[in-house]
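Contents: one structure, followed by commentary.
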Amino acid sequence: MADSSKASLNSATVEGCDLRQCVEGCVRHGFAGISPWRDLVQAAGIGESARMIRDSGLEVTGLCRAGMFTAPTPAGRQAALDDNRRAVDEAVAIGANCLVLVAGGLPEGSKDLADARAQIEDGLGALLDHARPAGMPLAIEPLHPMYAADRASVNTLGQANDLCDRLGDGVGLAVDVYHLWWDPELEAQIRRAGKERILAFHVCDWLVPTRHLLTDRGMMGDGVIDIPKIRSWVEGVGYDGLYEVEIFSELDWWTRDRDEVMATVRSRIESAV
């Protein structure tokens, strides 16, 4: 199984913690990395967040999240681009390995999926003009097709690879097993991506039954995803980064003591990742 010393904690796993509590918890439980959400970084202040993380010695596996490129009006798309540029600057400031992007779904009032995907590609291209000079890689995170309408119209690793082919340097992938485990082409698309494109590897589990499609992710080992197999595919192409644990769990893990959650994450990486 996986080496628990390579654990990174996505701050969403311990809902209700501020950035300092997340950082201190990661250090206390021996995590190697952290992936904060932007609201925590903004609440602590960009400069203070950077100092806090730097002093902790934690690797920043990613900043969550940017994207949401789609909008029904040009003004809305420009506002999204402006916010994404700020996100790039925040990611640079805290030393993140990448900026994780959730692409955006159908614009309000639209049923045109092709147009949404075109808006996403245009938005990514425009953001790259800011991200490349800043040296901040953009990580497209394909989301499960259940989110195609409201969160992300990029739903397979194949679609994300196609975007990378067309957009060129500076853009790669966040491989999240929760969103991709079902895809019969996943192994082939991981091979296609290769080491250079895989910027982040996210783990949790798919519960059966799933009580809520957004906030009922499982702790590794509690669901049906063969996480070790997917990890072997990712590491088989040369990925040697940390394992980022991102669990939205309103009905279970978010109700528990944060130290219990963090200790369980460490142990489950060894037993179930």
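Quick note: the sequence shown, position 254, residue 254 per the UniProt record's numbering, numbers continuous. Every residue gets a Cβ at the ideal spot worked out from N, C-alpha and C, and that includes glycine. Note that this is a predicted model, so its numbers are computed, not measured.
Between residue i and residue j, what straight-line distance do the alpha-carbon atoms span, to the nearest angstrom?
| i | j | result |
| --- | --- | --- |
| R77 | N155 | 21 Å |
| V88 | A134 | 8 Å |
| A71 | L173 | 23 Å |
| V14 | A200 | 19 Å |
| D222 | L180 | 17 Å |
| D228 | M1 | Correcting the residue type first, residue 228 is Pro in the shown sequence and not Asp. P228 and M1: Cα-Cα distance of roughly 7 Å. |
| S8 | A79 | 31 Å |
| D165 | C17 | 38 Å |
| V234 | R191 | 8 Å |
| N84 | E141 | 15 Å |
In this structure, how does DSSP classify residue i when only helix, strand and coil are distinguished?
| i | result |
| --- | --- |
| A32 | coil |
| V88 | helix |
| V224 | coil |
| residue 327 | What the structure shows of the chain is the stretch from 1 to 273, and residue 327 is not part of that stretch, so it cannot be assessed. |
| E48 | helix |
| Y243 | strand |
| E59 | strand |
| A263 | helix |
| D176 | strand |
| residue 275 | Examination of residue 275 is not possible in this model, given that the chain is present from 1 through 273 alone. |
Take residue i and list the residues in its own chain whose beta-carbon comes closer than 8 Å to its own, dropping the five residues that flank it on each side.
| i | result |
| --- | --- |
| V23 | I34, M52, I53, S56, L58 |
| R217 | Y178, C204, D205, W206, L207, E246, I247, F248, S249 |
| S153 | T70, A103, G104, G105, L106, L113, A116, R117, I120 |
| R197 | N161, C164, G172, L173 |
Quick one: measure Cβ to Cβ for residue i and residue j, integer angstroms, because I've assumed they're closer than 8 Å.
| i | j | result |
| --- | --- | --- |
| G158 | Q189 | 5 Å |
| V92 | V203 | Actually they are not in contact, since the Cβ atoms of V92 and V203 sit about 26 Å apart, beyond 8 Å. |
| M219 | R268 | 6 Å |
| A149 | L106 | 5 Å |
| C98 | P36 | The pair is not a contact, with the Cβ atoms about 13 Å apart (cut-off 8 Å). |
| G125 | L167 | 6 Å |
| R151 | V102 | 6 Å |
| A96 | V60 | 4 Å |
Can you list, in chain order, the residues of its chain with a C-beta nearer than 7 Å to that of residue i? Leave out the 5 residues immediately preceding and following it.
| i | result |
| --- | --- |
| E108 | P72 |
| Y243 | A2, K6, A7, S8, F201, V203, I269, V273 |
Short of 6 Å in beta carbon distance, which residues of its chain neighbour residue i, apart from the five on each side in sequence? Order them along the chain.
| i | result |
| --- | --- |
| C26 | L9, I34, L58 |
Continuous beta strand (DSSP E) assignments of at least 3 residues falling wholly in the stretch 89 to 174: 99 to 102, 138 to 140, all fully within the stretch 89 to 174.
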